[in-house]
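Have a look at the structure below, then the notes.
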Amino acid sequence: MSDGGDTSTAGPHLLVLSGPSGTGKTTVVNRLVAESPVPLRKAISATTRKPREGEQHGQDYWFLSADEFSTRRADGEFLESAEVHGSGNWYGTLKSEVDHAIEAGYWPLLEIDVQGAMSVIRQYPDAVTVFLKTPSAEVYEQRLRSRGTESEEVIQRRLQTARQELQAAEHYRYQVVNDTLDRAVAEIRQILKATAGD
Ligand code: 5GP
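Residue numbers for the sequence shown follow the numbering used here, so the first one is 34 and each next one is one higher.
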């Protein structure tokens, strides 16, 4: 029986993937899109940063001028947008990317930073959120200290960064350690399967 207000997990979910740089996110994303147990489509983000060598407009990002980005932002075209790690560059998820994927029956995959993810979670509480961690995060302090080469100041600074990242990780539904690519991809595949089967 349906009351027409069914909010069950049937249908596409958003998959939000974040993690500190150096966690191999892009490789995981590419593998996931190729091997996902659910129909997954990467939402192409817009950015004001310049393309890197080999990057293509419409494939890696929608590369926009600062003016176009801010106009489209003011027009409400973004689901979320953020200036990422003080780079002066803006990044954002276009609503159209997410809507078109969902209309076509795909789960949109958003590879975005923590600020963006928090905003998406507020708007899509059912989003499947995954924080990808480096294996070293857990043993980081131990390693730093046992090495005995870093000054206390450097250790404290690194720990502070690691703590901030871990605090952010707590807001994600799943935390996956990217120890080996195959295992991490398998774990996320499992998460997607379980969500689809709910
Ligand atoms: P890069 O410039 O190396 O491609 O990406 C830098 C950072 O921007 C990464 O942490 C990535 O997750 C984040 N990012 C990429 N696209 C988006 C987006 O649409 N929104 C937000 N909030 N962050 C993004």
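For glycine and all other residues, C-beta sits at the position ideal for the given N, C-alpha and C.
As the structure is a computational prediction, the values presented were derived from the model and not from experiment.
Are the beta-carbon atoms belonging to PRO45 and TRP140 less than 8 Å from one another? yes
What does GLU101 pair with, by DSSP beta-bridge criteria? Looking at the DSSP assignment, GLU101 forms no beta bridge with any residue, so it has no partner.
Looking at C-beta atoms only, is the number of pairs between the segment 63–83 and the segment 123–136 that lie closer than 8 Å three or more? yes
Please list the segments of the alpha helix (DSSP H) lying wholly inside the segment 110–181, counting only runs of 4 or more residues, in order along the chain. 128–136, 147–156 and 173–180
Out of GLY57, VAL49 and LEU50, state which residue places its alpha-carbon closest to the alpha-carbon of LEU214. GLY57
Report the partner residues of LEU50 according to the DSSP bridge assignment. GLU144 and VAL163
Pull the bridge partners of HIS90 from the DSSP assignment, please. TYR94
Would you kindly work out how many angstroms separate the C-alpha atoms of ASN122 and ALA227, rounded to a whole number? 36 Å
Less than 8 Å separating the beta-carbons of GLU113 and SER152? yes
Inspect the beta-carbon positions of VAL49 and LEU143 and report whether they are closer than 8 Å. yes
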